[in-house]
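Visitor: For reference, the structure I am asking about is given below.
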Amino acid sequence: MIDFSMYDFQAPKISAYRCDTCGAIYYPAPMICGKCNKRRDPVTGKSWSTFDLEGPCTLLTWTRVWNLPEGYTKKFLQFGIVQFENGLRASGRVEVEEPKTGMKLAATVEESDERPGKPVKIFVFK
Amino acid sequence: MAARVGIVGIGHTRFGNSSEYDLADVMAYAATDALQDAGYLAQRKEIDQVFVANMASGMFCHQSAVASALISRMDMEPVPAELIENGPASGASAVKIGYMAIASGMADVVLVVGGEIMRKVNGWSATDIVATMLDTDTEYNMGLTLPGFGGMFTRLYMEKYGLTERDLALVAVKSHDNGARNKYAHVQATCTIEAIADGPEADVVNNYIAEPLRMYSTCPVSDGAAALLLVNMDSPRAKQFAKKPVRIAGVASATDTHCVHNRKDPLQLNAVRIAGEKAYKMAGLGPKDISFAELHDAFVILELAISEELGFFERGKSFLAVRKGETRIDGRFPINTSGGLKSKGHPVGATGVSQVVELVRQLRGEAEEGRQVKDPKYGMSVNFGGFGNNVAAVICAKD
Chain S
-15 MIDFSMYDFQ
-5 APKISAYRCD
5 TCGAIYYPAP
15 MICGKCNKRR
25 DPVTGKSWST
35 FDLEGPCTLL
45 TWTRVWNLPE
55 GYTKKFLQFG
65 IVQFENGLRA
75 SGRVEVEEPK
85 TGMKLAATVE
95 ESDERPGKPV
105 KIFVFK
Chain R
46 MAARVGIVGI
56 GHTRFGNSSE
66 YDLADVMAYA
76 ATDALQDAGY
86 LAQRKEIDQV
96 FVANMASGMF
106 CHQSAVASAL
116 ISRMDMEPVP
126 AELIENGPAS
136 GASAVKIGYM
146 AIASGMADVV
156 LVVGGEIMRK
166 VNGWSATDIV
176 ATMLDTDTEY
186 NMGLTLPGFG
196 GMFTRLYMEK
206 YGLTERDLAL
216 VAVKSHDNGA
226 RNKYAHVQAT
236 CTIEAIADGP
246 EADVVNNYIA
256 EPLRMYSTCP
266 VSDGAAALLL
276 VNMDSPRAKQ
286 FAKKPVRIAG
296 VASATDTHCV
306 HNRKDPLQLN
316 AVRIAGEKAY
326 KMAGLGPKDI
336 SFAELHDAFV
346 ILELAISEEL
356 GFFERGKSFL
366 AVRKGETRID
376 GRFPINTSGG
386 LKSKGHPVGA
396 TGVSQVVELV
406 RQLRGEAEEG
416 RQVKDPKYGM
426 SVNFGGFGNN
436 VAAVICAKD
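Protein sequences appear in the order of chains S and R. Residue numbers for the first sequence follow the working numbering, beginning at -15 and rising by one. Residue numbers for the second sequence follow the working numbering, beginning at 46 and rising by one.
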């Protein structure tokens, strides 16, 4: 018997990285810690840990782009840079009607298949 | 002491749409012009080294190894030739590496050629190809593009310093005034502040691209090539050329975080500032010594921000100088006398070389009537790669 509950939908996540030697956090991950010079092995992840980058964030700046690249069928998309409560920053989509610099948002992660190739994980700030 | 390096030949195609032509042919045209300018066409096989600047011929033209193709087009075998790829800063990087080849003693005569054919693909595809220079996972995959970062940077600057969309339009009007007189410019047409900012149709004529950037705040997608012949001014071979050299007084580059969001202050263009400081130090000069500048205005906000990072204006004050006309051709400090990327165009691999061609034209006194700077002594260019993550600066001197 197959237990299909094993194949529950897995919500997409985007990871940030922590150097276990000195505690510095990064997004995206460097190959060498900028604080303590510890190497990161991208295969084993030894000496580094990951955590989900999500939740409350503040919008630092934003734009509404009208000339989207090939693959995008929407009239426009909004993009922004946010800062999380842990100090990390990220770029992604902004899905609020009237974005304003400094507004509080929540970071979610979705899959995008707009471009050719495998779907990719994107931040959507709502 | 390292050899002094001078420029004895310049070549340039008219930027615009050359999509019916082969990239190597377009680059060879500019290179041949540079050799003819130097009176060195027949001696071209005596050139010690060729450096070719190109960003993305593999994607734009489905063509690789363009340095080899260029050599054959020009019947220059067996001169060594290599490709330099550094995004939109490929051109100035090739100039820097050409300088290093001569200063190191490995070469006395170096040909630098920059070129790009971007219009073989449609505009959406060109935007996508250019965006591949962004960080793949954290920027490109999100759907971000270079105009997107330009828009976000502009909004930050506006909110901090009080810049207006009209100020951006004033920069464009100034650049188009220069480009309209430049025989090499893509868009050889003026525009008025009424048409693109003040008039009732301005919203239509000058529509948004990446808010608050509008069409007249961004450069066109262009094809074209530019070339320079560099020489060791201290070598006996320097006497072979038809033109008196324009000396490269300073050349330097610097990098910043690949991901824009990882900059402590996203309004500071550290790579511009550091490349500029290094170039000034090498030249023994400061911003007050520079007569005019060619700055990488892929988005007009960058002309303003780069001019501040280089010390030409206080931070947050450059647009006030634009309002007073100080950066016009007859102003206190002319900027983008060629028309800049905004009007002259921006074939990405060619731009850094093209900027230096303009420095040489101005320093020789060869610019067209109406856009010649009066008695310039030093010109400076900044070629901006990525969204400021890899930047090269060049200072040229009329000795």
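We put the beta carbon where it would ideally sit given N, CA and C, even for glycine. Predicted model only: the values in this text are computed from it and were never measured.
Distance, Cα to Cα, R/P446 vs R/A48?
Guide: Within the shown structure, residues of chain R are numbered from 46 to 444, placing residue 446 of chain R beyond reach of any answer.
Visitor: Please compile the residues from chain S whose C-beta is within a distance smaller than 9 Å of the C-beta of R/H107.
Guide: Chain S residues near R/H107: none, gap ~16 Å exceeds 9 Å.
Visitor: So which residues of chain S does R/P311 contact, with C-beta pairs closer than 8 Å?
Guide: Those are L44, T45, I65, listed as they occur along chain S.
Visitor: Return the first residue and the last residue of the alpha helix (DSSP H) that R/F432 is part of.
Guide: Here R/F432 belongs to no alpha helix (DSSP H), and DSSP marks it neither H nor E.
Visitor: Just to confirm my understanding: we take S/S31, look at its own chain, exclude 5 residues before and 5 after, and list those with CB closer than 8 Å. What are they?
Guide: Within the same chain, S/S31 has close Cβ partners C3, D4, T5, K22, R23, R24, D25.
Visitor: Could you tell me the boundaries of the beta strand (DSSP E) in which S/R2 lies?
Guide: Note, S/R2: beta strand (DSSP E), -1 to 3.
Visitor: Run through DSSP, which three-state label would R/G196 get?
Guide: R/G196 falls in the helix class under three-state DSSP.
Visitor: With respect to the beta strand (DSSP E) encompassing S/T47, which residues constitute its N-terminal and C-terminal limits?
Guide: 39 to 49 is the span of the beta strand (DSSP E), which, as asked, contains S/T47.
Visitor: Measuring alpha carbon to alpha carbon, tell me which of R/I440, R/P123, R/L213 ends up nearest R/K333.
Guide: The shortest C-alpha separation from R/K333 is found at R/I440.
Visitor: Tell me which residues share the same chain as R/Y126 and place their Cβ nearer than 8 Å to its Cβ, disregarding the 5 neighbours each side in the sequence.
Guide: Here residue 126 of chain R is Ala; the residue named in the question, Tyr, does not match the sequence. Within the same chain, R/A126 has close Cβ partners Q94, V95, F96, V97, A112, S113, L115, I116.
Visitor: DSSP state of S/S33, grouped into three classes?
Guide: Residue state, collapsed to three classes: strand.
Visitor: Tell me which residue opens and which closes the beta strand (DSSP E) that R/K288 is part of.
Guide: That residue, R/K288, is in no beta strand (DSSP E); it is neither H nor E in DSSP.
Visitor: Note down, one range per segment and in chain order, each alpha helix (DSSP H) of at least 4 residues found wholly within the segment 259 to 345 of chain R.
Guide: For the segment 259 to 345 of chain R, whole alpha helix (DSSP H) runs of length 4 or above, ordered along the chain, are 315 to 328.
Visitor: Would a check of beta-carbon distances place R/P192 closer than 8 Å to chain S?
Guide: Chain S contact via Cβ: present.
Visitor: Of all the alpha helix (DSSP H) runs that stay within the bounds of the segment 362 to 404 of chain R, which reach a length of 4 or more residues?
Guide: The qualifying runs are 363 to 368, 385 to 389.
Visitor: Quick one: residues in its chain with C-beta nearer than 8 Å to the C-beta of R/C304, no 5 flanking neighbours on either side, listed in chain order?
Guide: D180, T183, E184, listed in sequence order.
Visitor: Would you report the Cα separation of R/V218 and R/R373, rounded to the nearest angstrom?
Guide: Rounded to whole angstroms, R/V218 to R/R373 spans 10 Å at the Cα level.
Visitor: Does the segment 97 to 109 of chain S come within contact of the segment 185 to 194 of chain R, defined as at least 3 CB pairs closer than 8 Å?
Guide: The segment 97 to 109 of chain S vs the segment 185 to 194 of chain R: in contact.
Visitor: Is there a Cβ from chain S that is less than 8 Å from the Cβ of R/H391?
Guide: Output row for R/H391: interface = no.
Visitor: Using CA atoms only, rank isn't needed, just tell me which of S/G39, S/Y56, S/L52, S/P(-4) is closest to S/K88.
Guide: Checking every option, the nearest Cα to that of S/K88 belongs to S/G39.
Visitor: Under the assumption that R/S388 contacts R/G224 (Cβ atoms under 8 Å), give the Cβ distance between them as a whole number of angstroms.
Guide: At roughly 3 Å, the Cβ-Cβ gap stays under 8 Å, so R/S388 and R/G224 are in contact.
Visitor: Give me the residue from S/P100, S/S75, S/V49 with the minimum Cα distance to S/K110.
Guide: Considering only alpha carbons, the answer is S/S75.
Visitor: Report the CB separation of S/Y10 from S/L37 in whole angstroms; it is logged as a contact under 8 Å.
Guide: The Cβ separation is near 10 Å, so there is no contact.
Visitor: Taking the alpha helix (DSSP H) that R/K141 belongs to, which residues open and close that run?
Guide: Segment 135 to 148, the alpha helix (DSSP H) holding R/K141.
Visitor: Based on the DSSP secondary-structure assignment, which residues constitute the bridge partners of R/L128?
Guide: R/L128 pairs with R/V97.
Visitor: Closest to R/Y74 by C-alpha separation, out of R/Y206, R/E256, R/G269, would be which residue?
Guide: Checked all of R/Y206, R/E256, R/G269; the closest Cα to R/Y74 is R/G269.
Visitor: Less than 8 Å between the C-beta atoms of R/V427 and R/G321, yes or no?
Guide: Going by C-beta atoms, R/V427 is nearer than 8 Å to R/G321.
Visitor: According to DSSP, is R/E161 part of a helix, a strand, or is it coil?
Guide: R/E161 falls in the strand class under three-state DSSP.
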